[in-house]
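First up is the structure itself, then whatever we jot down about it.
2 protein chains.
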Amino acid sequence: MRNIKMKVSYDGTNYHGFQKQNRTGLRTVQEALEEALGILTRENIVVHGSGRTDAGVHASCQVINFHSNTKIPAARFPLAVNSVLPPDIVVYQAEDVSADFHARFSARKKTYCYTIFNERQMSPFWRFYAYHVPVWLDVDKMREGADGFLGTHDFRAFCAKNTAVQNFTRTVFDCRIEKEGPLLRFFVQGNGFLYNMVRIITGTLMEIGKGRRESGEIPVLLAGRERKLVGQTLPPQGLCLVAVEYSEKP
Amino acid sequence: MRNIKMKVSYDGTNYHGFQKQNRTGLRTVQEALEEALGILTRENIVVHGSGRTDAGVHASCQVINFHSNTKIPAARFPLAVNSVLPPDIVVYQAEDVSADFHARFSARKKTYCYTIFNERQMSPFWRFYAYHVPVWLDVDKMREGADGFLGTHDFRAFCAKNTAVQNFTRTVFDCRIEKEGPLLRFFVQGNGFLYNMVRIITGTLMEIGKGRRESGEIPVLLAGRERKLVGQTLPPQGLCLVAVEYSEKP
Chain A
278 MRNIKMKVSY DGTNYHGFQK QNRTGLRTVQ EALEEALGIL TRENIVVHGS
328 GRTDAGVHAS CQVINFHSNT KIPAARFPLA VNSVLPPDIV VYQAEDVSAD
378 FHARFSARKK TYCYTIFNER QMSPFWRFYA YHVPVWLDVD KMREGADGFL
428 GTHDFRAFCA KNTAVQNFTR TVFDCRIEKE GPLLRFFVQG NGFLYNMVRI
478 ITGTLMEIGK GRRESGEIPV LLAGRERKLV GQTLPPQGLC LVAVEYSEKP
Chain B
278 MRNIKMKVSY DGTNYHGFQK QNRTGLRTVQ EALEEALGIL TRENIVVHGS
328 GRTDAGVHAS CQVINFHSNT KIPAARFPLA VNSVLPPDIV VYQAEDVSAD
378 FHARFSARKK TYCYTIFNER QMSPFWRFYA YHVPVWLDVD KMREGADGFL
428 GTHDFRAFCA KNTAVQNFTR TVFDCRIEKE GPLLRFFVQG NGFLYNMVRI
478 ITGTLMEIGK GRRESGEIPV LLAGRERKLV GQTLPPQGLC LVAVEYSEKP
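Line order of the protein sequences matches chains A and B. 278 is the number of the first residue of the first sequence in this note's numbering; add one for each residue after it. 278 is the number of the first residue of the second sequence in this note's numbering; add one for each residue after it.
Set out below in structure tokens:
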């Protein structure tokens with residue numbers, strides 16, 4: 278049986294997240310992909326994503342894999358699947374990979390980008406893709422704060438309360454802020470992420486940028502392990518999964 | 278009576294163009310602005326735009342003016358109007374101007390940008406803001422072609438058939454193509470534009486980029502004055518009004 282890996286981009290605005298829900302009536306990206314691949318292959322396809330994204334969260338590069346006996350060459354998949362998918366989900370690359378490749382378990386690094394639109398008035402073009410902060414943010418201070426997340430830590434304080442996870446230790450390889458005109462892009466790269474972790478990290482950095490917190494307090498907050506002492510969870514529309522890396526070319 | 282000038286940005290996706298329609302049930306940007314300003318000033322407001330934009334066309338900078346006796350200071354207008362407007366229309370600047378300023382008749386130069394997304398697969402994030410061209414386009418050839426539009430010409434061949442206009446002479450000051458990753462941005466600056474003119478200019482340049490036309494044939498097409506001999510009208514979602522210039526600060 279073939280194991281096919283795909284790179285997928287989606288606008289999460291109209292989806293209840295990536296992962297299939299038990300409740301009906303909640304449209305998810307995984308279901309849309311499974312349906313489209315099912316039509317194409319005439320098989321029951323199960324899609325594995327590199328990770329779930331929440332309702333309203335986007336992906337410019339989500340990686341998935343699925344098993345199939347289809348004879349369709351991998352190079353033909355993007356165009357074929359896109360002809361069946363709705364226009365807010367796009368497959369842009371597909372390849373056959375070895376049997377042991379799993380989009381989630383084989384992933385070594387993931388990168389998320391959180392976008393803040395930092396102008397007095399919001400742009401109508403960014404309303405689904407950024408969070409609006411109308412007051413001035415001190416980017417230098419936020420960058421100082423961002424450095425505090427680097428390394429391996431217990432990230433319990435930066436995780437939503439409603440999680441079943443037992444192990445809160447994650448490694449953050451990169452946490453940097455790029456400014457492009459009115460846009461502030463917060464890139465966070467790690468070996469894995471807890472529930473809402475990037476949105477809470479960015480929310481805490483934003484409070485540093487507003488002068489409500491000190492840039493040096495991140496290590497204290499990490500050590501404190503108390504969700505209620507750190508910043509707010511920023512809304513989903515600013516978040517985008519931008520890269521997933523694997524240890525070797527599968 | 279005050280004459281107030283405003284800069285407005287809008288996502289035209291859900292509007293039947295800028296200008297108020299006689300038919301009911303077709304939502305337009307002008308109506309949305311007049312309603313919001315009416316609520317704010319408690320007057321019957323008539324909005325004059327620098328020009329109409331078609332259904333689905335966007336503006337990152339549309340200029341409007343209106344007359345009012347309101348006592349609201351101009352600097353307060355953006356926040357106040359935006360609190361009443363839907364999120365796809367945003368006012369980002371307002372100022373009092375002299376009585377003879379008219380957003381349309383005082384305008385000297387307007388700049389439109391047409392965006393083509395030039396990759397094999399479309400990006401879901403650009404589906405409302407760009408036109409997808411999946412085949413390679415020869416940007417150098419298109420730039421050669423663009424030069425042919427510079428200057429004062431009879432643009433009859435580059436105007437939709439259904440127009441009441443008598444004078445087809447317009448001056449194009451600038452016609453250039455910028456490449457930003459997969460995006461091709463066609464900027465056209467002129468003293469005025471005929472119906473669908475930018476979308477037909479870009480459509481003709483695209484055909485040059487595909488190798489279906491010669492880059493040197495623009496002067497011939499202009500001289501020919503025949504709509505049916507030039508390129509297709511590209512769809513509205515790629516078009517955006519990006520600047521309106523006035524002869525002096527009003």
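Heads up, the beta-carbon is just placed ideally off N, CA and C, and yes, glycines get one too.
Leu498 of chain B: which of B:Gly425, B:Pro459, B:Arg462 sits nearest, CA to CA? The count along the second sequence starts at 1 and reaches residue 498 of chain B at position 221. The option with the nearest alpha carbon to Leu498 of chain B is B:Gly425.
Suppose contacts are defined by Cβ-Cβ distances below 8 Å. Is Ala336 of chain A in contact with Val285 of chain A by that definition? For the purposes of this step, residue 336 of chain A is identified with residue 59 of the first sequence, where counting begins at 1. For the purposes of this step, residue 285 of chain A is identified with residue 8 of the first sequence, where counting begins at 1. Yes, the pair counts as a contact, with Cβ atoms nearer than the cut-off.
Can you name, in chain order, every residue of its own chain whose Cβ lies under 6 Å from the Cβ of Val334 of chain A, other than the five neighbours on each side? Counted from its first residue, the first sequence places residue 334 of chain A at position 57. Gly289, Pro513, Leu516, listed in sequence order.
Taking only beta carbons into account, state which residues of the segment 398-424 of chain A come closer than 8 Å to chain B, listed in chain order. Gln398, Met399, Ser400, Pro401, Phe402, Arg404, Tyr406
Just curious, the alpha helix (DSSP H) that Lys387 of chain B is in, first and last residue? Indexing the second sequence from 1 puts residue 387 of chain B at position 110. That residue, Lys387 of chain B, is in no alpha helix (DSSP H); its beta strand (DSSP E) goes 384-394.
When the Cα atoms are used, what is the spatial distance from Trp403 of chain A to Pro364 of chain B? Locating residue 403 of chain A in the first sequence gives position 126, counting from the first residue. Locating residue 364 of chain B in the second sequence gives position 87, counting from the first residue. Straight-line Cα distance between these residues: approximately 10 Å.
Look at the Cβ atom of Leu518 of chain A, then the Cβ atom of Thr479 of chain A, and state whether they are nearer than 8 Å. Against the first sequence, residue 518 of chain A aligns to sequence position 241. Against the first sequence, residue 479 of chain A aligns to sequence position 202. Not closer than 8 Å, so no.
Determine which residues share a DSSP beta bridge with Asn342 of chain B and list them. Here residue 342 of chain B corresponds to residue number 65 of the second sequence, with the count starting at 1. Answer is B:Lys282, B:His325, bridged to Asn342 of chain B.
Entirely within the segment 487-516 of chain A and at least 4 residues each: give me those alpha helix (DSSP H) ranges in chain order. 495-501
Status (buried if at least 16 other CB within 10 Å, exposed otherwise) for Gly294 of chain B: The residue you call residue 294 of chain B lines up with position 17 of the second sequence. Burial call: buried.
Residue range of the alpha helix (DSSP H) that Ala371 of chain B falls in? For this step, residue 371 of chain B is matched to residue 94 along the second sequence. It is not in any alpha helix (DSSP H) - Ala371 of chain B instead sits in the beta strand (DSSP E) that spans 366-374.
DSSP puts Ala520 of chain A in a beta bridge; with which residues? As a working note, residue 520 of chain A is residue 243 in the first sequence. Per DSSP, A:Thr388.
Paired residues, beta bridge with Ile454 of chain B - DSSP: For the purposes of this step, residue 454 of chain B is identified with residue 177 of the second sequence, where counting begins at 1. Bridge partners of Ile454 of chain B: B:Phe463.
Residues of chain A with CB closer than 7 Å to the CB of Lys366 of chain B, please, in chain order. If you number the second sequence from 1, residue 366 of chain B lands on position 89. Going by the sequence as given, residue 366 of chain B is Ile instead of Lys. In chain order: Pro401.
Using the C-alpha atoms, what's the distance from Gln296 of chain B back to Arg329 of chain B? For the purposes of this step, residue 329 of chain B is taken as the residue at position 52 of the second sequence. For the purposes of this step, residue 296 of chain B is taken as the residue at position 19 of the second sequence. Rounded to the nearest angstrom, the two C-alpha atoms are 6 Å apart.
Taking C-beta pairs closer than 7 Å, name the residues in chain A that Asp288 of chain B reaches, listed in chain order. Locating residue 288 of chain B in the second sequence gives position 11, where the first residue counts as 1. Neighbours of Asp288 of chain B on chain A, chain order: Pro401, Phe402.
Checking the sheet assignment: what are the DSSP bridge partners for His430 of chain A? Translated into positions along the first sequence, residue 430 of chain A becomes position 153. Beta-bridge pairing links His430 of chain A to A:Arg447.
Cβ of Tyr369 of chain A within 8 Å of any chain B Cβ: Position 92 of the first sequence, counting from 1, holds the residue named residue 369 of chain A. So, interface residue.
Using the Cβ count rule (16 or more neighbours within 10 Å means buried), how would you classify Lys282 of chain B? Residue numbering aside, residue 282 of chain B sits at position 5 when the second sequence is read from its first letter. The residue in question, Lys282 of chain B, is buried, as its Cβ has 16 or more Cβ neighbours within 10 Å.
Asn246 of chain A: buried (16+ other C-beta within 10 angstroms of its C-beta) or exposed? The structure shown does not extend to residue 246 of chain A, since chain A spans only 278 to 527, so no value can be given for it.
So the alpha helix (DSSP H) Val306 of chain B belongs to, where does it begin and stop? Position 29 of the second sequence holds residue 306 of chain B. It spans 306-318 - the alpha helix (DSSP H) in which Val306 of chain B sits, taken as one unbroken run.
So, with DSSP's three-state summary, where would you put Ala336 of chain B? As a working mapping, residue 336 of chain B is identified with position 59 in the second sequence. In the structure shown, Ala336 of chain B sits in a strand (DSSP, three-state: E or B).
Kindly identify the DSSP beta-bridge partner or partners of Tyr287 of chain B. Your numbering for residue 287 of chain B matches position 10 in the second sequence. DSSP lists B:Ala336, B:Ile366 as partners of Tyr287 of chain B.
Could you pull the start and end residues of the alpha helix (DSSP H) that His354 of chain A belongs to? Translated into the one-based positions of the first sequence, residue 354 of chain A becomes position 77. Rather than His, the amino acid found at residue 354 of chain A in this sequence is Phe. Looking at the DSSP string, the run of the alpha helix (DSSP H) that includes Phe354 of chain A is 354-359.
So Phe435 of chain B packs on Val507 of chain B, CB below 8 Å; how close in whole Å? Counting from one through the second sequence, the residue named residue 435 of chain B turns up at place 158. Counting from one through the second sequence, the residue named residue 507 of chain B turns up at place 230. Correct: roughly 6 Å between the Cβ atoms.
When the cut-off is 8 Å and only beta carbons count, does Pro350 of chain A lie next to chain B? Along the first sequence, one-based indexing puts residue 350 of chain A at 73. It does not; no Cβ of chain B falls within 8 Å.
Using only CA atoms, which one of A:Ile485, A:Ala441, A:Thr429 lies nearest to Ala500 of chain A? If you number the first sequence from 1, residue 500 of chain A lands on position 223. With distances taken between Cα atoms, Ala500 of chain A lies closest to A:Thr429.
Rounded to the nearest angstrom, how far is the Cβ of Val278 of chain B from that of His344 of chain B, given a contact under 8 Å? Working through the second sequence from its first residue, we reach residue 278 of chain B at position 1. Working through the second sequence from its first residue, we reach residue 344 of chain B at position 67. Reading off the sequence, residue 278 of chain B comes out as Met, not Val. About 5 Å separates the two Cβ atoms, so the contact holds.
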